[in-house]
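Novice: For reference, the structure I am asking about is given below.
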Amino acid sequence: MSSPYLAKHVASLKPSGIRKFFDIVATMDDVISLGIGEPDFTTPEHILKAGIHSLQMGETHYTSNAGIYELRAAVAEKLQQLYNISYDPASEIVISVGVSEALYLTMNAILEPGQEVIIPSPCFVAYQAEVILAGGVPVELPSRVDDNFQLRPADLEAAITPKTKAIFIGYPNNPTGAVASREVLLEVAKIAEKHDLIVISDEIYDRLVYGVEHVCFAALPNMKTRTITLGGFSKNYAMTGWRVGYACAPAEIMQGLLRIHQYTIMSAPTMAQIAALEALQNGEEHVEAMRAEYNRRRELIVGGLNQLGLPTFEPKGAFYAFPSISPSGMDDDTFSMRLLDEEKVAVVPGSAFGAGGEGFVRCSYATAYEKLEEALERMARFVQRHG
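In this text, residue positions in the sequence shown follow this note's numbering: the first is -3, and each later residue adds one.
Put into structure tokens, the structure is as follows:
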């Protein structure tokens, strides 16, 4: 029962399906959690030391609202190096409190009440909620495993109405591990240009791809002027707890994001910004090492799930496998609860991630290889027991 003092649009928000299982797991012993999307690696030592040193040197004051200039310049340099796209660090980048704040800034800066944002799903649980909190209307566009969980451009165009303001894309995808092809994204670009829509591209997993190319949407022809790119350090550099991310956009759009950021946050944590700068300048070897280890785990869990009779398409990015649990005869919520209760393996129901996720579960392989092996053994017992 909600309080009568809460705003209706807040009271109507669904609790996070991820946190529901995370809270249950916290009360149990001997659980192998494949539920939380967080690297099991500790932040690399030289990045830790940079943050610690900043505190020891008394760098405990506010930074510029937009963030330390050197960090913004390093973000711009990295994006130029990786994707051949140019952003002005003085006017087109803001350092945020994780990508979560960047998402909040974006939705509140661009949406008028009642405007629609088309969101391919299944997707990260915060996307629809942030649209609602900004007064907008999320329009889910379910993707299909037959399409490798990439959106269909024809379905996208059919979903556009006079109220549509933006298209939201998140690739590499959480929870499916899908990576959008250049061909599909070029079609999305044509549709955005045709209907004069903004594109919001969450690229937090951009460096965690396996044998394929990550395409930065804003780097596609004519797309920078209508794209807001969201990125950060949590996944690529194992810096989830530092809470530092960024948004990049044309200066006239960035003015809106920065204005909200000024009044809401002031500036991202100073020590986290200094650590992030160290990550960009000297952290490449760690990105490559973590990606290689994730790939080793990816091959283990995808092969293992398929052997169990849980059909799992091959994820090409992030660190999630998304098996179908239809052979079990259970819905995804029942499967997840019974697996946790009987074998103490935590996964997240696919329906927690929106339309298109029903009948699947998300298994994070951001955990130790040996634990993944044990989880697969426990899941094998569960599947055998339930036919």
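Quick reminder that beta carbons are idealized off the backbone N, C-alpha and C, glycines included.
Which class does A342 belong to by DSSP, given the choice of helix, strand or coil?
Specialist: Along the sequence shown, one-based indexing puts residue 342 at 346. Of the three classes helix, strand and coil, the one that applies to A342 here is strand, per DSSP.
Novice: Going by Cα to Cα distance, which pick from E248, I115, G228 and R140 is closest to I196?
Specialist: Counting from 1 along the sequence shown, the entry for residue 196 is found at position 200. That would be I115, whose Cα lies nearest to the Cα of I196.
Novice: Assuming I297 is part of the beta strand (DSSP E), what are its boundary residues?
Specialist: What you label residue 297 is simply residue 301 of the sequence shown in a count that begins at 1. From DSSP, I297 is part of no beta strand (DSSP E) but of the alpha helix (DSSP H) over E280 to Q303.
Novice: By how many angstroms is the C-alpha of I270 removed from the C-alpha of G166?
Specialist: Taking the first residue of the sequence shown as 1, we reach residue 166 at position 170. Taking the first residue of the sequence shown as 1, we reach residue 270 at position 274. Computed Cα separation, rounded: 27 angstroms.
Novice: Please state if the CB of Y123 and the CB of P134 are separated by a distance shorter than 8 angstroms.
Specialist: The residue you call residue 134 lines up with position 138 of the sequence shown. The residue you call residue 123 lines up with position 127 of the sequence shown. Taking 8 angstroms as the Cβ cut-off, P134 and Y123 qualify as a contacting pair.
Novice: Assign K231 to one of three DSSP states: helix, strand, or coil.
Specialist: Stepping through the sequence shown from its first residue, residue 231 is reached at position 235. Coil.
Novice: I'd like the list of long-range same chain contacts for P118, defined as Cβ closer than 7 angstroms, with 5 residues on each side in sequence excluded.
Specialist: As a working note, residue 118 is residue 122 in the sequence shown. If we look at P118 and ignore the five residues flanking it on each side, its Cβ neighbours are P171, T172, G346, F349, G350, G352 and G353.
Novice: Taking contact to mean 3 or more Cβ pairs, one atom from each stretch, closer than 8 angstroms, check whether the region 33 to 43 and the region 246 to 264 are in contact.
Specialist: no
Novice: Report yes if the CB atom of V208 is closer than 8 angstroms to the CB atom of K74, and no otherwise.
Specialist: Taking the first residue of the sequence shown as 1, we reach residue 208 at position 212. Taking the first residue of the sequence shown as 1, we reach residue 74 at position 78. No, the pair does not count as a contact, with Cβ atoms beyond the cut-off.
Novice: Please report the residue range of the alpha helix (DSSP H) in which E415 lies.
Specialist: Because the chain in this structure spans residues -3 to 383, residue 415 falls outside the shown range and cannot be described.
Novice: Keeping to the same chain, check which residues put their C-beta closer than 7 angstroms to that of I81; ignore five residues upstream and five downstream.
Specialist: For this step, residue 81 is matched to residue 85 along the sequence shown. So the list reads L75, C212, A214, A215 and K220, once near-sequence residues are dropped.
Novice: Tell me, please, which residues DSSP counts as bridged to D198.
Specialist: Here the question's residue 198 lines up with position 202 in the sequence shown. Its beta-bridge partners are G166 and L226.
Novice: Would you grab the beta carbon distance between G33 and Y316 for me? Rounded to a whole angstrom, and I think it's under 8 angstroms.
Specialist: Stepping through the sequence shown from its first residue, residue 33 is reached at position 37. Stepping through the sequence shown from its first residue, residue 316 is reached at position 320. Contact holds; Cβ gap of about 7 angstroms.
Novice: Looking only at its own chain, which residues have a Cβ that is under 6 angstroms from the Cβ of E183, when we skip the five neighbours before and after it?
Specialist: Numbered from its first residue, the sequence shown carries residue 183 at position 187. Once the five neighbours on either side are set aside, the close Cβ partners of E183 are P149.
Novice: Can you tell me which of the three DSSP states A439 falls into?
Specialist: Nothing can be reported for residue 439: it is not among the residues displayed for the chain, which extend from -3 to 383.
Novice: Specify the secondary structure class of A245 as computed by DSSP and reduced to three states.
Specialist: Here residue 245 is taken as the residue at index 249 of the sequence shown, counted from 1. Coil, per DSSP.
Novice: Within its chain, find whatever has a CB closer than 7 angstroms to the CB of N61; leave out the 5 residues flanking it on each side and keep chain order.
Specialist: Within the sequence shown, the letter at position 65 stands for residue 61. Around N61: L254, H257, Q258, M262 and S263.
Novice: Keeping to the same chain, check which residues put their C-beta closer than 6 angstroms to that of I156; ignore five residues upstream and five downstream.
Specialist: Locating residue 156 in the sequence shown gives position 160, counting from the first residue. H191, listed in sequence order.
Novice: Taking the beta strand (DSSP E) that L137 belongs to, which residues open and close that run?
Specialist: As a position in the sequence shown, residue 137 is number 141, starting the count at 1. From DSSP, the beta strand (DSSP E) with L137 extends over V133 to P138.
Novice: Do you know how far the Cα of Q380 is from the Cα of Y342?
Specialist: In the sequence shown, counting from the first residue as 1, residue 342 sits at position 346. In the sequence shown, counting from the first residue as 1, residue 380 sits at position 384. Correcting the residue type first, residue 342 is Ala in the shown sequence and not Tyr. Approximately 18 angstroms between the Cα atoms of the pair.
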